[in-house]
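These notes concern the structure reproduced below.
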Amino acid sequence: MPLPSFQLWLALLLLAAACASAVHPRKLARLGGLKRLAASESSSDLPPEYEIHYYRQTLDHFNYKPESYATFQQRYILNYKCWGGANTSSPIFVYTDHFNYKPESYSTFEQRYVINSKYWGGANASAPILVYFGAEAPLDGDLAVIGFLSDNAIRFNALLLYIEHRYYGKSIPFGSREEALKNGSTLGYFNSAQAIADYAEIIIHVKKSFQAENSPVIVIGGSYGGMLASWFRLKYPHIALGALASSAPVLYFDDITPQDGYYSIVTKDFRTIQKSWAVIDEIASKPNGLSILSKKFRTCKPLTDSDELKNYLDSMYSSAAQYNKPPTYPVNIICGGIDSSTNSENDPLSKIVAGLFAYTGNRSCYINAPTNVSETSVGWRWQTCSEMVIPIGRGNDTMFPPKPFDLQSYIQDCKDLYGVPPRPNWVTTYYGGHSIKLILQRFGSNIIFSNGLKDPYSSGGVLENLSDTITAVHTVNGSHCLDILVASKTTDPEWLVAQREVEIKIIDGWINEYYDDLRNQ
Numbered sequence: 005m006p007l008p009s010f011q012l013w014l015a016l017l018l019l020a021a022a023c024a025s026a027v028h029p030r031k032l033a034r035l036g037g038l039k040r041l042a043a044s045e046s047s048s049d050l051p052p053e054y055e056i057h058y059y060r061q062t063l064d065h066f067n068y069k070p071e072s073y074a075t076f077q078q079r080y081i082l083n084y085k086c087w088g089g090a091n092t093s094s095p096i097f098v099y100t101d102h103f104n105y106k107p108e109s110y111s112t113f114e115q116r117y118v119i120n121s122k123y124w125g126g127a128n129a130s131a132p133i134l135v136y137f138g139a140e141a142p143l144d145g146d147l148a149v150i151g152f153l154s155d156n157a158i159r160f161n162a163l164l165l166y167i168e169h170r171y172y173g174k175s176i177p178f179g180s181r182e183e184a185l186k187n188g189s190t191l192g193y194f195n196s197a198q199a200i201a202d203y204a205e206i207i208i209h210v211k212k213s214f215q216a217e218n219s220p221v222i223v224i225g226g227s228y229g230g231m232l233a234s235w236f237r238l239k240y241p242h243i244a245l246g247a248l249a250s251s252a253p254v255l256y257f258d259d260i261t262p263q264d265g266y267y268s269i270v271t272k273d274f275r276t277i278q279k280s281w282a283v284i285d286e287i288a289s290k291p292n293g294l295s296i297l298s299k300k301f302r303t304c305k306p307l308t309d310s311d312e313l314k315n316y317l318d319s320m321y322s323s324a325a326q327y328n329k330p331p332t333y334p335v336n337i338i339c340g341g342i343d344s345s346t347n348s349e350n351d352p353l354s355k356i357v358a359g360l361f362a363y364t365g366n367r368s369c370y371i372n373a374p375t376n377v378s379e380t381s382v383g384w385r386w387q388t389c390s391e392m393v394i395p396i397g398r399g400n401d402t403m404f405p406p407k408p409f410d411l412q413s414y415i416q417d418c419k420d421l422y423g424v425p426p427r428p429n430w431v432t433t434y435y436g437g438h439s440i441k442l443i444l445q446r447f448g449s450n451i452i453f454s455n456g457l458k459d460p461y462s463s464g465g466v467l468e469n470l471s472d473t474i475t476a477v478h479t480v481n482g483s484h485c486l487d488i489l490v491a492s493k494t495t496d497p498e499w500l501v502a503q504r505e506v507e508i509k510i511i512d513g514w515i516n517e518y519y520d521d522l523r524n525q
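Take the sequence shown: its position 107, counting from 1, is numbered 111 in this note's numbering, and each next residue is one higher.
Here it is as structure tokens:
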């Protein structure tokens with residue numbers, strides 16, 4: 005019986021590669037919405053209208069011990085090519101610790117940001133500022149693929165500001181990456197509250213530098229950056245008029261979302277993949293079984309255990325889902341390879357191999373090629389071991405082997421790695437999340453939560469309007485952060501164009517209401 009065509013949408017990106025010897029709790033997927041290549045980690049190819057700057061950033065926004073006044077250099081980029089007013093090119097130094105008044109908390113670091121003012125209407129017109137919040141990666145790669153700001157700069161006559169997240173890229177406290185990531189003492193300043201306090205300082209600094217105190221600010225982020233954008237609007241409403249939070253699973257903490265919500269998105273027919281896990285284990289348990297699997301999958305090195313192969317395939321399916329966007333649709337490529345295999349139903353691994361080869365293309369070897377651990381992997385590992393505890397588990401009704409989330413095991417793994425336990429309830433304590441509609445319908449405003457329902461992380465997203473001004477915008481066929489990526493007039497489907505237009509009209513309404521208030525004050 006031929007295998008039915010796959011219509012599944014696979015789970016989101018699992019944890020990026022980590023050192024083989026490192027312990028890691030539950031392999032929580034990082035939340036980045038972009039597929040990053042090494043070539044994208046450089047800013048050397050930026051258009052000339054973009055200028056890179058550094059802000060001397062406070063290391064600890066929430067600690068008042070003397071050492072909390074340490075700072076680091078945080079990167080930002082400016083573009084004032086067509087601006088008619090003043091500009092600044094000085095490095096910006098921000099506090100390492102924004103929340104502590106002990107002497108050491110006044111230390112700073114340089115934080116990078118990027119500005120593009122090519123289409124800005126100027127301070128006299130109180131033209132808006134669109135701010136992109138960098139997340140768990142260097143800022144360079146985002147500049148090429150995040151299109152929502154640049155695509156709408158003319159429409160809004162907007163100044164564009166992109167800010168790099170502390171501890172990533174060039175925005176490193178304590179003088180070097182090695183020192184910053186050395187231990188729990190230096191990593192303790194690496195958290196979301198400090199990050200959004202960084203963003204607050206830089207936005208205020210840029211507005212003053214451009215004499216744009218009356219310019220409304222809209223903050224934008226995707227995935228983890230989307231969570232930061234929504235939380236920033238709630239914590240700093242005097243700085244940001246509104247927020248667009250794309251694919252932000254703000255409800256995937258504590259027990260708000262069922263553990264298996266992430267994997268429950270994986271539906272419909274997935275029998276071949278589901279069957280393959282047991283077949284892999286069965287072959288691996290036999291004499292020379294790992295050698296047989298290594299040969300069948302053309303691994304770069306002999307497999308050391310079956311988990312090595314299963315984790316690779318798991319990550320491949322997840323990555324395909326995260327970046328399943330037009331025009332390539334990698335999920336369709338994998339499933340097409342599986343469907344087109346001429347092997348019988350009794351040989352599921354040959355079908356899996358066909359899907360692997362279709363997805364990755366022709367290579368000399370697969371699975372375990374030598375790789376370097378990225379700074380994103382190292383940084384996200386700490387973040388998930390401190391506050392970003394997303395309790396993802398698997399039940400018996402997915403195409404993956406069952407594996408419930410074990411909080412105690414997770415805590416122990418983090419203690420083994422860093423000597424400190426995570427704070428699994430801190431996100432909901434500090435930002436909220438429980439009874440979100442009841443709480444925010446009379447408190448918050450001007451937030452768009454956008455989601456694509458094919459994204460497994462949408463299970464932890466806000467999918468219904470919380471009030472007249474906290475709006476949920478979602479598409480049935482959308483994937484992770486698709487709405488804020490660069491638009492394409494030739495390949496974007498109509499439903500994606502329509503989604504973006506809804507978001508733009510909402511933001512336009514916020515800005516027009518602000519201008520009315522500004523005139524009437």
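In this text, a Cβ means the ideal position worked out from N, Cα and C, and glycines have one as well.
The model shown is predicted, which means the values in this text are computed figures rather than measured ones.
With fewer than 16 neighbouring CB atoms inside 10 Å of its own CB, Gly365 falls in the exposed class. Apart from the 5 residues on each side of it in sequence, Tyr54 sits with its Cβ closer than 6 Å to the Cβ of Ile81, Asn83, Val118, Asn120 in its chain, given in chain order. The beta carbon of Val480 lies closer than 6 Å to those of Leu457 in the same chain, with the five residues before and after it left out. A straight-line Cα-Cα distance of about 27 Å links Gly138 and Tyr316. In this structure, Ala325 and Pro460 form a Cβ contact; the two beta carbons are roughly 6 Å apart against a cut-off of 8 Å. For Arg367, the three-state secondary structure derived from DSSP is coil. When C-alpha distances from Ser154 are compared across Ile133, Ala184, Glu140, the shortest belongs to Ile133.
For Ser268, the enclosing alpha helix (DSSP H) has its first and last residue at 265–268. Taking the Cβ atoms as the reference, Ala476 lies roughly 5 Å from Val466, within the contact range of under 8 Å. From the listed residues Ala141, Glu205, Arg159, Pro52, the smallest Cα separation to Tyr99 is found for Glu205. In the three-state scheme derived from DSSP, where H, G and I count as helix and E and B as strand, Ser250 is classed as strand. Under the DSSP assignment, Phe453 falls in the beta strand (DSSP E) whose first and last residues are 451–456. Taking C-alpha positions only, Asn161 is separated from Gly125 by approximately 5 Å.
Counting the other CB atoms within 10 Å of its CB gives Leu470 a total of 16 or more, which places it among the buried residues. Residue burial is scored here from C-beta neighbours: Trp235 has at least 16 other C-beta atoms within 10 angstroms and is therefore classed as buried.
For the set Trp430, Tyr434, Gly225, Lys329, the Cα lying nearest the Cα of Ile451 is the one of Gly225. For Leu444, same chain residues with a beta-carbon under 7 Å away, outside a window of 5 residues either side, are Leu470, Ser471, Ile474 in chain order.
In this model, Leu421 and Met392 are separated by some 16 Å (Cα to Cα).
DSSP places Gly340 within a helical segment (H, G or I) once states are collapsed to three.
Between Gln61 and the set Pro52, Ala201, Thr190, the nearest pair of CA atoms involves Ala201. Collapsing the DSSP output to three states places Phe97 in a strand.
In this chain, the alpha helix (DSSP H) harbouring Val501 covers 498–524. In this structure, the straight-line span from the alpha carbon of Asn328 to that of Thr346 is close to 25 Å.
Excluding residues up to 5 positions away in sequence, Leu185 lie with their Cβ nearer than 7 Å to the Cβ of Val382 in the same chain. Under the three-pair Cβ rule at 8 Å, the region 427–443 counts as touching the region 244–260. Going by C-alpha positions, Ser454 is about 31 Å away from Gly192.
Glu140 carries a coil assignment under DSSP once its states are collapsed to helix, strand and coil. The criterion of a C-beta distance shorter than 8 Å is not satisfied by Ile371 and Leu411. Taken atom to atom, the span from the alpha-carbon of Gly448 to that of Gln387 is near 26 Å. Check the Cα spacing between Val501 and each of Ser109, Gly151, Tyr267, Asn429: the tightest is with Gly151. Under the three-state reduction of DSSP output, Gln215 falls in the coil class, being neither helix nor strand. DSSP places Leu165 inside the beta strand (DSSP E), whose first and last residues are 163–167. The beta-bridge partner set that DSSP reports for Thr475 consists of Ile452. Within the model, the alpha-carbon separation for Asn350 versus Lys509 is close to 53 Å. Taken through DSSP and simplified to helix, strand or coil, Tyr105 comes out as coil. The region 162–174 makes contact with the region 108–118, as at least three CB pairs between them are under 8 Å.
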